[in-house]
Amino acid sequence: MKKHYSEKVLSNELIAQNTYLLKITCEDEFLKWFRPGQFVHIQIPAANELLLRRPISINYVDYEKRQVHIAYYVVGKGTRLLSQVRPGDILDVLMPLGNGFSITSSMQKIWLVGGGIGNAPLKSMFSKYMDREYKAFLGFRCEDAVYQEADFCEYAATCVTTDDGSYGGCGFCTDVLKEELAKDTPDVILACGPMPLFKTLASIVGDIPTQVSMEQHMGCGTGGCATCVCGIGGENKRVCLEGPVFDIKEVDALYG
Amino acid sequence: MRFMVDMKVSIAGVELKNPVIAASGTLAFGEEYSQYMDVAALGAITLKALTKEKRLGNPPVRIAETASGVLNAVGLQNPGVDAFLEKQYSRVKRIDTVQIANIAGAAVEDYVYVTERLNDTEIALFEVNVSCPNVKHGGVNFGTDASILEHVVSEVKKVAKKPLIIKLTPNVTSIQEMARAAKNGGADALSLINTLTGMAIDPYTRKPIIKNTTGGLSGPAIKPVALRMVHEVYQAGLGLPIIGMGGIMTGEDAAEFMIAGADAVMVGTATMRNPAATIDIINELEQFAKTNDIGNITELTGTLQLED
Chain A
1 MKKHYSEKVL SNELIAQNTY LLKITCEDEF LKWFRPGQFV HIQIPAANEL
51 LLRRPISINY VDYEKRQVHI AYYVVGKGTR LLSQVRPGDI LDVLMPLGNG
101 FSITSSMQKI WLVGGGIGNA PLKSMFSKYM DREYKAFLGF RCEDAVYQEA
151 DFCEYAATCV TTDDGSYGGC GFCTDVLKEE LAKDTPDVIL ACGPMPLFKT
201 LASIVGDIPT QVSMEQHMGC GTGGCATCVC GIGGENKRVC LEGPVFDIKE
251 VDALYG
Chain B
257 MRFMVDMKVS IAGVELKNPV IAASGTLAFG EEYSQYMDVA ALGAITLKAL
307 TKEKRLGNPP VRIAETASGV LNAVGLQNPG VDAFLEKQYS RVKRIDTVQI
357 ANIAGAAVED YVYVTERLND TEIALFEVNV SCPNVKHGGV NFGTDASILE
407 HVVSEVKKVA KKPLIIKLTP NVTSIQEMAR AAKNGGADAL SLINTLTGMA
457 IDPYTRKPII KNTTGGLSGP AIKPVALRMV HEVYQAGLGL PIIGMGGIMT
507 GEDAAEFMIA GADAVMVGTA TMRNPAATID IINELEQFAK TNDIGNITEL
557 TGTLQLED
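Order-wise, the sequence lines are chains A and B.
When the letters of the first sequence are read in order and numbered with the working numbering, they come out as residues 1 to 256.
When the letters of the second sequence are read in order and numbered with the working numbering, they come out as residues 257 to 564.
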């Protein structure tokens, strides 16, 4: 399976506060293996002093146009340089990496729960599983940080919240989720966001199968260096290879 | 006729198809990399460190990026030598190139145990990792005290059925003194340098980025230090093969280490940037030899031109 590619930048645009949407080309080989919830590992171009790649979740895959979309938040030097790449530039990319979400045919009612840039990988579900019954609970810090609400609305009954109430409901997306869980039960919950969001989730999902996409400072992205670990069932598992998606019940930091 | 380069080198009697070796802890046990490259094309692969007991390793964050460098503190996470032999070795064995085990421990007996367990495998060379914290010696590192270093090496040498490569730490005043101690203990080869102890700080939170506070610095940032130390050990004239490492990203970098005195090189951090970096380095080194009329890559070793 080929995973190392040189791909062309198609666009790279600001879509919300400090948040960019990068679109790149992809090959059939990638399309064959891609699963929602996987990530790309991008080498920052023209920056030899930045040795490490940047792991970023796949936001959407357009099979018809053969494009991979990647939404990212500018946090440091690497992502700032990435935000400066222009259409026509070539990126050195490893993809698709990681396990992705485990989706079975019995999972018809799927609820998506995300916070901030963690909402990005949830949209990748619509690349492959368009026929499911979705609800999305998307949390953002404030109005300026909200992105892709319309894209979610296309496939999911979507509820947006902001921490400061400047847009949508005021508070955390998990507040709304809790209310909905009192009325209905999904087959599975897929989540991505900061640790506090996962902690709240852990306390409210009960027995509902819940898959969380974890984040960790990463080295190689290919299982070699064992730096990006997460405590899973008493073992340090590699987020890049055994993850990034884990069963919430197995994440040590969320229980006990 | 096309100019051919003989890329073969020999380390303590073990022939490698070329001088480029994957450094320990950068290719796991090798299996993960078959989808990125032909692992068997490497001169050798060093397996990640093995200890007597299973080790969970350090809690994350374990890695930080620094200017032209990488700081890591994995903490020797590994399943333990017994579990490795039981579960992973049968697959690792199938990789068709020379395999080097990396042996670590918290006490001399641990090194001896791991060595004895690996003796009857097809692993060709044992790299002894002497830069881990030593509880028995009051927190002094095995690799930073010459007499302790010599003792560990001699104890492992007594039981080892394979040649020993002693991996030296650069966190010492005199690398020559440590190299001599390793030789006195019975080393068959030396590999250097291990990582330099360093720190990275987030000024906004005023916390170390790595949970362990300190980590080992690798990458091009340390290459000048590594070259200097390889050259110093070469000049000590101990007659031991030297495996040089520290920030090798290209074939030219590898050539520099050989010119400084190395018989072979190890590549680690480059693999984090590009999973197939080792293969590129082999090809670039061969190309370097071709353009410089070097028919046998061993001709490069120790050819540094010094002014009188």
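Note that beta-carbon positions come from the ideal geometry of N, C-alpha and C, so glycine has one too.
Shown here, D151(A) sits in a helix according to DSSP, grouped into three states.
L448(B) is bridged by DSSP to G500(B).
V261(B) is a Cβ neighbour of K546(B), given a cutoff of 9 Å.
In summary, the residues of the region 304-323 of chain B whose CB is separated from some CB of chain A by less than 8 Å are K304, L312, G313, P315, P316, V317, R318, I319, A320, E321 and A323, in the order they occur in the chain. Residue burial annotation: D184(A) is exposed, with fewer than 16 other C-beta atoms found within 10 angstroms of its C-beta. In summary, G331(B) is buried, with 16 or more beta-carbon neighbours lying within 10 Å of its beta-carbon over all protein chains present.
If you draw a straight line from the Cα of D536(B) to the Cα of N450(B), it is about 22 Å long. Fully enclosed alpha helix (DSSP H) runs of no fewer than 4 residues occupy 77-82 of the region 43-116 of chain A, in order along the chain. Pairing G442(B) with V409(B) gives a Cβ-Cβ distance under 9 Å.
V370(B) and D187(A) have their C-alpha atoms some 48 Å from each other.
Between G507(B) and L483(B), the gap from beta carbon to beta carbon reaches 9 Å or more. Within chain A, no C-beta atom comes nearer than 7 Å to that of R350(B); the closest sits roughly 18 Å away.
When CB distances to chain A are screened at a threshold of 8 Å, the residues of the region 271-299 of chain B falling below it are G281, T282, L283, A284, E288, Y289, Q291 and Y292, in chain order. DSSP lists D92(A) as the bridge partner or partners of S6(A). If you compare the alpha carbons of L327(B), L272(B) and A357(B) with that of A284(B), the shortest gap goes to A357(B).
Here the alpha carbon of D89(A) sits roughly 8 Å from the alpha carbon of E7(A).
Taking 9 Å as the cut-off, the Cβ atoms of L381(B) and I267(B) count as close. Burial check for A182(A): the Cβ neighbour count within 10 Å stays below 16, so the residue is exposed. Taking 9 Å as the cut-off, the Cβ atoms of Y20(A) and D151(A) do not count as close. In this structure the region 144-159 of chain A does not lie against the region 187-202 of chain A, because fewer than three pairs of beta carbons, one per stretch, are closer than 8 Å.
The beta carbon of D458(B) sits closer than 6 Å to the beta carbons of I465 from its chain, once the five residues preceding and following it are set aside; these are given in chain order. Counting only the Cα atoms, V176(A) lies some 58 Å from G299(B). Secondary structure remark: continuous alpha helix (DSSP H) runs of at least 4 residues inside the region 345-385 of chain B, in chain order: 345-348 and 364-374. Around the beta-carbon of D509(B), 16 or more other beta-carbon atoms lie within 10 Å, marking it buried. Contact between L52(A) and M528(B) holds, with the beta-carbon distance rounding to 6 Å and staying under 8 Å. A contact between stretches requires three or more CB pairs, one per stretch, nearer than 8 Å, and the region 54-69 of chain A fails this requirement with the region 323-339 of chain B. Residues of chain B whose Cβ lies closer than 7 Å to the Cβ of E49(A) are, in chain order, A323 and S324. Distance between P315(B) and T469(B), taken at the CA atoms: about 11 Å. The residues N314, P315, P316, V317, R318 and A329, in chain order, have a CB closer than 8 Å to that of K467(B) in the same chain once the five nearest residues on each side in sequence are set aside. Partner residues in a beta bridge of Q38(A), as assigned by DSSP, do not exist.
For T79(A), there are no neighbours in chain B by C-beta distance under 9 Å, as the nearest C-beta there is about 12 Å away. Using a Cβ-Cβ cut-off of 9 Å, Q333(B) counts as an interface residue toward chain A, since at least one Cβ of chain A sits closer than that to its own. For chain A, the residues of the region 530-541 of chain B that bring a beta carbon within less than 9 Å of one of its beta carbons are N530, P531 and A532, in chain order. Contact between R86(A) and N12(A) holds: CB atoms are separated by about 7 Å, below the 8 Å threshold. Not flagged as an interface residue toward chain B: A46(A), since no C-beta distance is shorter than 9 Å. In summary, the residues of the region 471-493 of chain B whose CB is separated from some CB of chain A by less than 7 Å are G475, in the order they occur in the chain.
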